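Residue numbers (the numbering used here), protein chains in the order written: chain A, 1 to 647; chain B, 648 to 1055; chain C, 1056 to 1476.
Glycine included, each C-beta is placed from N, C-alpha and C at the ideal position.
The model shown is predicted, which means the values in this text are computed figures rather than measured ones.
Notes follow once the structure below has been shown.
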Amino acid sequence: MFAFKQSKGKSAGNKGSGGPKPPPLGRRVTSTPLSVSLAANAHAIRTQFGESSDLRLRITASPAAPGIKLAILYLQGIVDETSIREDILDKLQFAHADEETHGRGSKERQMQTLVHRLRTEIITAPLTEPVTTLERALDALLLGCCLVLVDGSSEAFATDAAGGAVRAVTEPTSQTVIRGPQQGFTESLETNIGQIRRIIRSEQMIVETQRIGRQTCTQVALIYMKNTVRMEFVEEARSRLAAIDIDGIIDSGYIEEFIQDKTFTLFPTVIHSERPDQVSAYLLEGHIAIISDGSPFGLIAPVTFFRFFQSPEDYYQRFDIASFLRMLRMSAFLLTIHLPALYIAITTFHQEMMPTNLLITLSAQREGIPLPALAEALLMELIFEVLREAGVRMPRAIGAAISVVGALVIGTASVQAGLVSAAMVIIVALTAMSSFVAPQLNIANSARLMRFLFMISAGMLGFVGIISLDLIFIIHLAGLHSFGIPYLAPMAPWVKGSWRDTIFRMPRWAMPLRPAMTHRGARKRVAGGKPKSQQQEAPQSLPPELPGQQQPSSMQGSGQGQQPGSGQGQQPGSGQSQQPGSGQGQQPGGGQGQQPGSGQGQQPGSGQGQQTGGGQSQQPGSGQGQLPQVAPVDHKRQPNEQRGEQQ
Amino acid sequence: MKETGNISAGQLAIFLFMFSIGSTPMFQLGIKAGQDSWIALCLAAVAGFGMLWVYRTLQNRAPEEDIAGLYKLHFGKIAGTVLGLGLSILLAYESMRNVRDFGELTSSTLLPQTPMWCVMLLITAIAYYTVSKGVFTFFRITQILFPMLLGSYTLMMFLLLVSGLIDYKQLRPVLENGYEPVLKTAFPDLLSFPFSQVVVLLVYWKYTAGNNKAGVATYSSYIAVSIFLVAVNAVIMMVLGPAVASIKAFPTLEAVELIRLFNFIERLDILVTLLLYIGLYIKIAGMYFSAVLLLRSACGVPVQVAALIYGPIIYAMSFMEPTNTFHLWAGLEVSVKFTPIYHIAIPLIMLLIGFKWVKRKAERQKPSGPQAPTQPQASTQTQFQPQTQPQSQSQSQPQSQAQPQPQS
Amino acid sequence: MKRSYAKGTMSEWSLLRRSLAALLLLLLLGVAGCWDRQELNELGIISATGIDITDSGRWKLSYQLVIPNAISSQGAYVGSSASPVNVFTTEGDSFRGAVNKATQEMSRRLYFSHNQIVIVGEKAARKGIAPLIEAYMRNGDSRETVAIFVTEGTARKVLEQLLPLEKISGAGINRLIGLEEKYGGNFRAMTMFELGQSMLGPVHVGGVAGIGLRGNGDPVDSVDAAKATHTGTKVRLQKVAIFKENRMIGWMTSHESRGILWAKGWVKETSVSFACEGERLKRNSIRIRQKKGKITPIKQGSSWLMRVEVSGEGALMEYNCPGDMSKPGNLRPIAERIEQELKDDIEDSIRGAQSLHADIFGFGNLLLKQHTREWKKIHKNWNEQGFPKIESEVIVKVKINKTGRSVNSYNNTIKEMHDKE
């Protein structure tokens, strides 16, 4: 990505003028022009780099510039030397002199023309950019460009030759699915964006890049779908990214900590994803994605609590198993948080709740145990956390042995030695298994921490402690926001129609509208109701179709089922917060469903805003691997379809 | 970060439902009427519906005001402020009563050894936390808790049914002693609690100003919760019978304790206590919050400060009553004689005297009114205004970087 | 030095406030301590309670304490041959006072929440059990779904007895009565709650199953005694104790108890034995499931008639009479004999109840609910004066659904073969 190049009209005065704006990479405040002498320039650059051994200098000459020394400079590890050779050196070797212009005009003029010709006509690197200051030259070198110096000209140029070894595209390491694409992000930003581009082939997908980090100048890309996203998210993201002032961004986790809504919370407000298909799906629904160079994890915002239990596999499998698994995940999450606490509460405070036989068995087990239940539980959980952490760092060779040690020694032997009760070991194992069920790692980490809090409160106050802590967490979650959207949406506040894809998932043809929370307006993303293949049974021998599965149009009608002529966006009473009669811009308040800048109410046929995205919606399942052809953009959709707003 | 906006009608309906349920299943209401308690409850519900209509009418005169504003409109600024302050304190008192209820309940059932101050401090702290988060968060909390509560109560009823404990014959003979005891129980006791506690809605209705569905939502929610309460009351009576129900302190717990299924489902009264916990919490937080909001409307105290004022007051007041008996007695004898003033009498007066002119006065006041809820509360910052104020100066430059760069 | 947060800085006040709140809550939980904590190995689980009374009128409570190690296969002491239960007694003026004395004898705190049964000695029952019901209602830790029994001797003796197949005899007896209620049809479990309800009801009469030790041998009160293949003494359900106004007033036989259960519709399944035509020995039996048991008050002049309607259906289990059962018509006389059997039972029970002056059928209840005004006139001294005078009418309908896997009686067939030869 040749972000080294300045956008036109922006900092045109920046090159060499050292104007009021700070230099592009935000760190250089001076601006030293290059000298005319190649040796001096090379020397200056070399000094800056402190004689690093990976700075390569190659003096060459070209028939196109007879008698003039040329030099190329590059940092060895981050360029693609093959392309340097092919695009620069080879071309220089075989260039012709331009007889016509050669020798005409003043020396300077000749030099300028020569350099210009070198840059634009002879060198076949895809991107070239003139360089006139030392700082720019340094930046160019650091960004993986190859700097071409011409002796006698104070103007050099840089070509994009970025390369270097990157990891090949492999399966994502952490978020694997059984069915679905098996490609994951790598550390190279260009590759990652390329992977997303391969999925979303739409010019509406906008990629904005910037460099963040004083020393690392990490390129960070903000991606969104122009026709789908709500611009307030984009603006908010832009401002948050722009405000980051830090030494270096090593992983997207650094960025996450800066852009998240609230730091002192146990719950993540940003999803990180290693899968381009997941990122693309979220983009299509109106989220924004932030990908940073050097990190295979992209960030997706804004997200709500229920998103953390949705795995991309939910959308590739059929809806019944997907719904079941989703509900299972949520139950597992609750289980992993509450189970040890429940065990402690029941065995220590409310023994009457147990069936008598269980009580007797547990009593017998606990007869010789030295520790009280709370201490025992904490101890076992901590040991398990140690085991887990060790498993992450274990070299593969010893990994198997340690798991055996962990399971057998610590688990079974300590039971037999009478140090812990068998029930506790079972509970810890169940809890641990349940904690791995969450598809997003960050929520699983939250669960790990929450578990300890619950255990302690259960140990103090029994069920009252558990429920109190539950309440505290619910209060906390209800007040949490992610980029302005309440964290517990779409359950609270209730977003109409969102039930189709939160706790369980309806079949794809039954989810015709995009999610209302993140989407501007609401576009139909799946046209029609039940697909044709399911509507008409094979003739004769099969039983007649069930009523109500017939007309796609009725499905549409039932899909929205309301507001003829009441416009879209959210109705004031439909679960969103809205400014009554405020009349201006966004006060998203609770962050749902406001028409950007449409003033009061919604005028469905207003023609701007709503319509631009209208065309896109008709692509059946755009980007999800369905029909490859793109439906023609049609800016005049039928008005009634646009009114269908809820999703 | 404060939000602005409205509460939806659905949120209001859910809040009303949960709030009215509150801790009502804890006691067998109307037990003085014996097995006709459910009839008494029905009558009180109907009367409460009438009061709800009165409240709604009052609210419609000035949809963007809350009850303190209405007081000011009807009675003039000074009297209105005084009345508003009075109602605020009354609501805080009722919140305190519920805190004490919670303490007593927990001490009797779940945690007999834990000192009550500890438990009451816990719930007060949680209520304070809720209040400090703001109105919208509070309504969201009730929304989240709603399916849990409803599902649990339904499950409870279902288990009672399956255990074969319900015997409808216990409700007979109907009206054994005639109408008198029924009527005497219904008014004013049952009307005050639980049905005219909907007066707190007068504080929250302003957040739904401009929403046409709010009225319908309120009414339907009220009907639903009345049916629910009557049903629960009837079921418990059917399980226990009038004699036992009148002896017991917590009849619902008793009834649930009798459930014994499959040899392992038993002693579910613990779970019911937790349901009551949640119900009490909503009541406490609801009233605490409305007291705080009223303090702001009546006297202009900001919400956070008012929350900090009322929190310790509520906690301290809950120690006022030395014993449980005193507490129950105070509830039954004393407060049901006081609260009708604010719940019934004053609204009726306001209804009668303010017939036409109030609405006009409210209209006149609206554009300049400092109490229009359209304005953000306190120092609002929506998320999407530039938050980078502290470091906006030099950092605005990098914003130029963020401009879309054409992909070359 | 500007902060490097990307967002707006959290205001100092809000940070302070939040952390104060968090600290407060944490401290709170910390201060909460663990007043209510009770580890499992600090509990003494009681599975059965016995109530007796001394001559001086003090309550003597016996407890059957469960020893978990001897029961469960888990834990440090596996396969111990210790007795699974331990019985001990304390005395006191009040119930809870007696319980409190146990702390002087017991190293663990008595835990009543898993108490399964309560056995009341006859003497204590006759003295009055109102304090018992009161203690149960007021306390939270003991369940009111415990089953109550009355025993003729002392309750302690029953508690000491081990049951075959059951580790804990308290739970075992509970199972016993459950089984009897489901399949036997002679007795019914009475819980403390129901007893309280009946005492508070309009007629103040309730019936409680009786239990006792039957047999000639020594009581099985040690594990060694239980090692034999036969037990000399057994725990057995026998007779029904009738309580009136919190006092026991007498016994009714099992046979009468069956009648009561049939009349009130509490039977689920039972076996009824009946005789052949003209014989005395009841050599045949049928397994009947009750369908209906209804009592209706009917006004007859100035007094009342209690009409009992009972119906059931079942399958023949044993038939030793002559007769060809392949014709449906032949089943009718058999059914009639069964009906007569049941009718006798019920009439006996009515007579027994009337002679005891106890309206065990709850007739007064029905009058209250259905004919309230008349009830108000006659409810004074109902048990003594009103109830014994009422007449009764018993209507029984039995249907023989199935005749089992034989069509004709085996005995009968052999006899016919003999006759032919």
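Using a CB distance below 7 Å, the part of the segment 476-499 of chain A facing chain B consists of Ala-478, Gly-479, His-481, Phe-483, Gly-484, Pro-486, Leu-488, Met-491, Ala-492, Pro-493, Trp-494, ordered along the chain.
Taking 8 Å as the cut-off, the beta carbon of Thr-120(A) is found no closer than this to the beta carbon of Lys-91(A). The Cβ atoms of Ile-1415(C) and Ile-1232(C) do not sit closer than 8 Å to each other. Check the Cα spacing between Val-1365(C) and each of Ala-1190(C), Ile-1350(C), Phe-1242(C): the tightest is with Ile-1350(C). DSSP places Glu-1324(C) within a strand segment (E or B) once states are collapsed to three.
The C-beta of Glu-1334(C) comes no closer than 8 Å to any C-beta of chain B.
Closest by C-alpha distance to Arg-1164(C), out of Asn-1124(C), Leu-1120(C), Ile-1188(C), Ala-1185(C), is Leu-1120(C). Assignment of beta-bridge partners to Arg-56(A) by DSSP yields Tyr-74(A). Residue-level contact by beta carbon holds for Glu-1199(C) and chain B, with a gap shorter than 8 Å.
Residue pairing by DSSP puts Asp-1107(C) in a beta bridge opposite Lys-1115(C). Between the alpha carbons of Met-665(B) and Asn-858(B) lies a distance of about 21 Å. Around the beta-carbon of Leu-283(A), 16 or more other beta-carbon atoms lie within 10 Å, marking it buried. Per DSSP, the continuous alpha helix (DSSP H) segment holding Lys-1178(C) begins and ends at 1177-1182. In this structure, DSSP gives Asn-880(B) a helical state, which the three-state scheme calls helix.
The beta carbon of Pro-355(A) falls within 8 Å of a beta carbon belonging to chain B, placing the residue at that interface. DSSP lists no beta-bridge partner residue for Thr-1427(C). Taking 8 Å as the Cβ-Cβ cut-off, the segment 1337-1356 of chain C has no residue approaching chain A. Residue nearest to Arg-238(A) within the set Asp-247(A), Ile-223(A), Ser-252(A) is Ile-223(A) (criterion: CA-CA distance). In this structure, the CA atom of Ile-1341(C) is about 17 Å from the CA atom of Leu-1316(C). For Thr-173(A), none of the residues of chain C pass the 9 Å Cβ criterion, the least Cβ distance being about 28 Å. Between Trp-1321(C) and the set Lys-1237(C), Leu-1214(C), Ser-1447(C), Ile-1389(C), the nearest pair of CA atoms involves Lys-1237(C).
Every beta strand (DSSP E) stretch that sits fully inside the segment 1357-1414 of chain C and reaches 3 residues is listed by chain position as 1358-1373. Taking 7 Å as the upper bound on Cβ-Cβ separation, chain C lies near residues Thr-356, Leu-359, Ile-360, Thr-361, Leu-362, Ser-363, Ala-364, Gln-365, Arg-366, Glu-367, Gly-368, Pro-372, Ala-373 of the segment 355-385 of chain A.
Distances from the CA of Thr-216(A) to each of Asp-251(A), Val-207(A), Cys-146(A), Gly-194(A) were compared; the closest alpha carbon is that of Asp-251(A). Of all residues in the segment 1157-1179 of chain C, the ones placed with a Cβ closer than 9 Å to any Cβ belonging to chain B are Ser-1168, in chain order. At a Cβ-Cβ threshold of 8 Å, Ile-199(A) and Pro-276(A) count as neighbours. Here the alpha carbons of Ser-893(B) and Val-877(B) stand approximately 17 Å from one another.
DSSP lists Ser-1326(C), Ala-1370(C) as the bridge partner or partners of Arg-1342(C). Rounded to the nearest angstrom, the gap between the Cα atoms of Thr-173(A) and Gly-184(A) is 8 Å.
Close to Ile-1100(C), with beta-carbon spacing below 9 Å, are these residues of chain A in chain order: Gln-351, Thr-356, Leu-359, Ile-360, Ser-363.
Nearest neighbour of Cys-765(B) by Cα position, chosen from Asn-1339(C), Gly-1239(C), Gly-1183(C), Trp-1090(C), turns out to be Trp-1090(C).
The Cβ neighbour count for Glu-1010(B), taken over all protein chains shown within 10 Å, is under 16; the residue is labelled exposed.
Ile-467(A) belongs to the set of residues whose beta carbon lies under 8 Å from a beta carbon in chain B. Note that the segment 913-929 of chain B touches the segment 749-757 of chain B; at least 3 beta-carbon pairs, one per stretch, sit closer than 8 Å. In the three-state DSSP reduction, His-43(A) falls in the helix class (H, G or I).
Counting of Cβ neighbours within 10 angstroms places Asp-247(A) among the exposed residues, the total staying below 16.
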